[in-house]
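Asks: Using numbering that gives the first Met the number 0, the letters of the sequence shown map in sequence onto residues 0 to 679. C-beta: ideal position from N, C-alpha, C; glycine also. Nothing here was measured: the structure is a model prediction, and the numbers come from that model. Input: one structure, supplied below.
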Amino acid sequence: MEMNQYLSMFIDESRDHLQAINEHMLSLESNPEDISIVQNIFRSAHTLKGMSATMGFEDIASLTHEMENVLDLVRNHKLKMDSFIFDCLFKSTDSLETMVEDIIQGGTGKADVSDIVAALKSIVSGDYLKGAAGGSAKPADGQDETKAELDEFQLSIVQQSIEAGIPVFWIEVTVRQDCVLKAARAYMVFNVLEQNGEVIKASPSVEDIEQEKFGESFAVYYISQIDHDQLHKQISSVSEIDKVELVVLNQEKLAERMLPAARAAQKEVAAAAAVVTSEPPKAEVKKPPAAQAGAPVANRTIRVDIERLDFLMNLFSELLIDRVRLEQLASEIRKNELTETVEHMARVSSDLQNIVLKLRMVPVDTVFNRFPRMIRDVAKTLDKKVDLIITGAETELDRTVVDEIGDPLVHLLRNAVDHGLEPTSERIALGKPETGTIHLRAYHSGNHVFIEIEDNGRGINRDKVLGKAIQNGVVTQEQAARMTDKEVYMLLFASGFSTADKISDISGRGVGLDVVKTKIESLGGEVHVDSEFGKGSKWSVQLPLTLSIISAMLIRLHGEKYAIPLSSIVETAAIRPEQVRIVHGNQMVDYRNSVIPLIPLAKLFDFPQGEDESEADIQIVVIRKGEKMAALVVNEFIGQQEIVLKTLGKYLTNLFAVSGATILGDGQVALIIDTNALIK
Numbered sequence: 000m001e002m003n004q005y006l007s008m009f010i011d012e013s014r015d016h017l018q019a020i021n022e023h024m025l026s027l028e029s030n031p032e033d034i035s036i037v038q039n040i041f042r043s044a045h046t047l048k049g050m051s052a053t054m055g056f057e058d059i060a061s062l063t064h065e066m067e068n069v070l071d072l073v074r075n076h077k078l079k080m081d082s083f084i085f086d087c088l089f090k091s092t093d094s095l096e097t098m099v100e101d102i103i104q105g106g107t108g109k110a111d112v113s114d115i116v117a118a119l120k121s122i123v124s125g126d127y128l129k130g131a132a133g134g135s136a137k138p139a140d141g142q143d144e145t146k147a148e149l150d151e152f153q154l155s156i157v158q159q160s161i162e163a164g165i166p167v168f169w170i171e172v173t174v175r176q177d178c179v180l181k182a183a184r185a186y187m188v189f190n191v192l193e194q195n196g197e198v199i200k201a202s203p204s205v206e207d208i209e210q211e212k213f214g215e216s217f218a219v220y221y222i223s224q225i226d227h228d229q230l231h232k233q234i235s236s237v238s239e240i241d242k243v244e245l246v247v248l249n250q251e252k253l254a255e256r257m258l259p260a261a262r263a264a265q266k267e268v269a270a271a272a273a274v275v276t277s278e279p280p281k282a283e284v285k286k287p288p289a290a291q292a293g294a295p296v297a298n299r300t301i302r303v304d305i306e307r308l309d310f311l312m313n314l315f316s317e318l319l320i321d322r323v324r325l326e327q328l329a330s331e332i333r334k335n336e337l338t339e340t341v342e343h344m345a346r347v348s349s350d351l352q353n354i355v356l357k358l359r360m361v362p363v364d365t366v367f368n369r370f371p372r373m374i375r376d377v378a379k380t381l382d383k384k385v386d387l388i389i390t391g392a393e394t395e396l397d398r399t400v401v402d403e404i405g406d407p408l409v410h411l412l413r414n415a416v417d418h419g420l421e422p423t424s425e426r427i428a429l430g431k432p433e434t435g436t437i438h439l440r441a442y443h444s445g446n447h448v449f450i451e452i453e454d455n456g457r458g459i460n461r462d463k464v465l466g467k468a469i470q471n472g473v474v475t476q477e478q479a480a481r482m483t484d485k486e487v488y489m490l491l492f493a494s495g496f497s498t499a500d501k502i503s504d505i506s507g508r509g510v511g512l513d514v515v516k517t518k519i520e521s522l523g524g525e526v527h528v529d530s531e532f533g534k535g536s537k538w539s540v541q542l543p544l545t546l547s548i549i550s551a552m553l554i555r556l557h558g559e560k561y562a563i564p565l566s567s568i569v570e571t572a573a574i575r576p577e578q579v580r581i582v583h584g585n586q587m588v589d590y591r592n593s594v595i596p597l598i599p600l601a602k603l604f605d606f607p608q609g610e611d612e613s614e615a616d617i618q619i620v621v622i623r624k625g626e627k628m629a630a631l632v633v634n635e636f637i638g639q640q641e642i643v644l645k646t647l648g649k650y651l652t653n654l655f656a657v658s659g660a661t662i663l664g665d666g667q668v669a670l671i672i673d674t675n676a677l678i679k
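Here is the structure:
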């Protein structure tokens with residue numbers, strides 16, 4: 000059977016199932032007793048196993064088979080979920096995603112999953128519990144009792160010490176067979192060790208050693224800067240000690256001394272490189288009900304090459320221009336048959352237009368849905384408690400923008416957890432809730448989508464940012480004295496700029512925010528940051544919808560036609576000149592129990608002054624950007640119309656308050672006003 004024709008379907012459905020597993024795992028972590036969630040995870044893993052086996056991807060099939068075995072025990076109440084099982088299943092899902100990504104890139108989907116498979120098998124057999132018990136029981140595979148098993152916390156300390164170049168020793172001490180007071184000799188050995196370093200783990204446990212519940216030997220993991228020979232000599236000097244075996248550990252030797260389940264944990268901890276908190280962060284995700292389903296919907300969907308959609312959009316754009324021209328001609332000729340036909344064509348083309356637009360639009364939820372899992376992992380790595388609250392996930396964006404926006408948002412969210420939110424102990428000392436909150440929200444404004452990431456952490460220290468900028472030569476002392484808060488915050492986007500005191504794998508290398516800004520600007524968007532020191536920060540990303548067709552209000556300014564996107568308009572009105580106020584040199588107008596700025600578009604676009612119209616009513620368009628509003632002064636309203644959005648080409652770029660142009664039915668060109676640029 001020819002498999003290539005099914006490969007695209009396999010990739011798409013695998014992504015759906017892996018996303019479903021991730022979402023259900025996060026739900027299960029909050030409700031570990033809910034067997035219905037386990038059933039959903041089991042079904043996704045089972046389907047993925049069948050598909051991968053059919054396609055010949057054996058490594059994916061074998062890993063999902065072992066996941067099935069664990070999940071089957073849980074759903075039949077033979078096994079209870081714990082942190083080790085959760086971590087193994089999450090790690091398994093990550094490996095599956097890596098293998099599917101390899102297939103997408105043209106690879107074979109093969110990977111070394113032996114460690115994860117061994118960890119899953121140890122869960123099924125129950126062997127993993129023996130390691131967690133502390134090592135006093137003899138391991139099932141017959142290893143020596145002194146092969147001390149490390150838990151995640153201890154393993155992370157050992158890993159970090161090895162990476163930092165601090166010596167880590169594995170020491171096995173054997174007392175003489177005729178020793179009378181073994182516990183006393185062990186106590187003397189521990190006394191020597193504690194004077195020169197730190198004992199990380201003892202096997203058997205310290206309590207068992209104190210009660211002489213060990214044979215002739217015991218072992219420890221030990222961290223110290225002391226010389227190898229000197230340490231050996233000091234331990235050997237304790238009376239009635241028969242033998243001291245001392246090994247300086249590196250990553251390979253550490254792995255050799257651990258059980259298979261622990262080796263899987265070692266890889267996980269090495270990736271995290273930090274202390275793991277036992278309480279997972281919560282994530283409240285608001286999404287449409289349909290997004291909760293884990294089952295594939297291939298029988299109700301068809302996947303279309305995006306280039307075909309681009310071609311369809313361009314054809315329809317041309318059709319729309321002709322439709323507007325026909326409507327104009329029909330109104331001039333005034334023949335009933337022609338008018339009726341054109342009106343019917345207008346209704347049909349309007350319905351067609353809505354469908355064409357929706358074909359390219361996808362909800363940002365397709366990007367947002369991976370963030371709860373990411374926040375969980377980063378929070379565990381940093382030992383922080385985080386609530387991620389997502390709103391507006393149903394907001395739709397053009398497919399090409401959605402595909403590109405994921406990485407910049409990952410940078411900003413990781414930055415918010417790492418730099419924005421304080422450690423738990425610091426939050427408690429400041430009187431803040433120990434669980435930090437990050438709001439991720441999306442909403443439409445005009446022909447743009449805004450995505451905001453807001454945290455209730457420490458905020459941005461203006462003085463620290465300026466000090467670093469002056470030190471790096473980004474700004475001078477004189478320039479710094481004149482900068483506003485927003486200008487200072489934008490310095491964070493300078494290439495290589497970082498205020499981190501400590502470089503981490505999460506963020507702080509100074510290579511994140513400049514990449515974010517570059518990427519968003521390449522999509523025709525902007526990024527801004529606002530902050531209040533001690534209260535938190537808000538990062539705002541503005542992205543174009545990149546729609547070819549939008550609804551707009553056509554207006555006239557001194558004979559020239561302009562289009563204002565209808566989605567940013569609150570209402571139109573006429574006001575008397577005496578209603579205009581002057582506040583700090585700026586024109587303002589009363590609007591529904593508030594005062595909003597009045598922006599004369601003619602003056603803004605440098606039109607020559609016309610005749611004095613001080614006695615006439617002033618025509619205004621009230622526009623909105625988020626919660627802020629303003630009133631634009633225009634000469635005349637022409638009416639609402641569907642327009643085709645065209646770019647101005649590569650030579651006319653970065654024009655203030657102009658987002659593009661459109662060709663009207665009579666062949667004239669009208670500029671499209673970017674209302675978001677007019678409200679700061």
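1. Report the three-state DSSP secondary structure of residue 618 (helix, strand or coil).
2. If we ignore side chains and look at the alpha-carbon of each, how far apart do residue 263 and residue 25 end up?
3. Give the straight-line distance between the Cα atoms of residue 406 and residue 61, rounded to the nearest whole angstrom.
4. Please name the residue, chosen from 218, 214, 444, 165, that lies closest to residue 188 on a Cα-to-Cα basis.
5. Note the first and the last residue of the continuous beta strand (DSSP E) segment covering residue 541.
6. Does the distance from the CB of residue 385 to the CB of residue 435 come in under 8 angstroms?
7. For residue 172, write down the residues that DSSP places opposite it in a beta bridge.
8. Start and end of the alpha helix (DSSP H) containing residue 405?
9. Is residue 245 closer than 8 angstroms to residue 170 when the C-beta atoms are compared?
10. What would DSSP say about residue 447, mapped onto helix, strand or coil?
11. Go to residue 585, then tell me how far its beta strand (DSSP E) extends in each direction, as first and last residue.
12. Rounding to the nearest angstrom, what Cα-Cα distance links residue 714 and residue 201 in this structure?
13. Are residue 578 and residue 588 touching if we call contact CB-CB under 8 angstroms?
14. Taking DSSP as the reference, what is the three-state secondary structure of residue 704?
15. According to the Cβ coordinates, are residue 320 and residue 643 closer than 8 angstroms?
16. I'd like to check one pair, residue 491 with residue 400: are the Cβ atoms closer than 8 angstroms?
17. Let me confirm a value: residue 17 is counted as buried when at least 16 other C-beta atoms fall within 10 Å, else exposed. Which label applies?
18. Compare the Cα-Cα distances from residue 636 to each of 617, 31, 253 and report the closest residue.
19. Taking only the alpha-carbon atoms, compute the straight-line gap between residue 296 and residue 38 and give it to the nearest angstrom.
20. To which residues does DSSP link residue 659 through a beta bridge?
21. Under 8 angstroms by Cβ, that's how I've got residue 36 and residue 70 pegged, so tell me the actual separation to the nearest angstrom.
22. Given that a residue counts as buried once 16 or more other Cβ atoms are within 10 Å of its Cβ, and exposed if not, what is residue 452?
23. Name, in chain order, the residues that DSSP records as bridge partners for residue 570.
24. Inspect the beta-carbon positions of residue 249 and residue 444 and report whether they are closer than 8 angstroms.
25. Which two residues bound the contiguous beta strand (DSSP E) that contains residue 603?
26. With a 10 Å radius around its C-beta and 16 neighbouring C-beta atoms as the bar for buried, classify residue 640 as buried or exposed.
27. Anyone know if the C-beta pair for residue 387 and residue 371 falls short of 8 angstroms?
28. Cutting at 6 angstroms between CB atoms, please list the residues of its own chain near residue 523, excluding the five before and the five after it.
29. Is it the case that the Cβ atoms of residue 326 and residue 341 are separated by a distance below 8 angstroms?
30. Can you tell me which of 50, 99, 318 puts its alpha carbon nearest to the alpha carbon of residue 108?
31. Would you give the residue range spanned by the beta strand (DSSP E) that residue 636 belongs to?
32. Shortest alpha-carbon distance to residue 598 belongs to which of 632, 538, 469?
33. According to DSSP, is residue 433 helix, strand or coil?
34. Indicate whether residue 560 and residue 663 have their beta-carbon atoms separated by less than 8 angstroms.
35. Contact check, residue 680 vs residue 243 under 8 angstroms by CB: the rounded distance?
36. Could you give the DSSP three-state label for residue 80: helix, strand or coil?
Replies: In terms of the structure at hand:
1. strand
2. Below a pLDDT of 50, predicted positions are generally treated as unreliable, and residue 263, at 45, falls in that range; the measurement from the model is reported next regardless. For residue 263 and residue 25, the distance between alpha carbons rounds to 21 angstroms.
3. 31 angstroms
4. 218
5. 535 to 543
6. yes
7. 217, 243
8. 398 to 414
9. yes
10. strand
11. 585 to 590
12. This structure cannot speak to residue 714, because the chain is shown only from 0 to 679.
13. yes
14. Since the displayed the chain opens at 0 and closes at 679, residue 704 lies outside it and no answer follows.
15. yes
16. no
17. buried
18. 617
19. Residue placement at residue 296 cannot be trusted, given a pLDDT of 35 that sits under 50; what the coordinates show is reported in the next sentence. Answer to the nearest angstrom: the Cα atoms are 18 angstroms apart.
20. 671
21. In fact, because the Cβ distance is near 10 angstroms, the residues do not count as touching under 8 angstroms.
22. buried
23. 621
24. no
25. That residue, residue 603, is in no beta strand (DSSP E); its alpha helix (DSSP H) goes 600 to 603.
26. buried
27. yes
28. 543
29. yes
30. 99
31. 635 to 643
32. 632
33. coil
34. yes
35. Here the chain has residues from 0 to 679 only, and residue 680 is not among them.
36. coil
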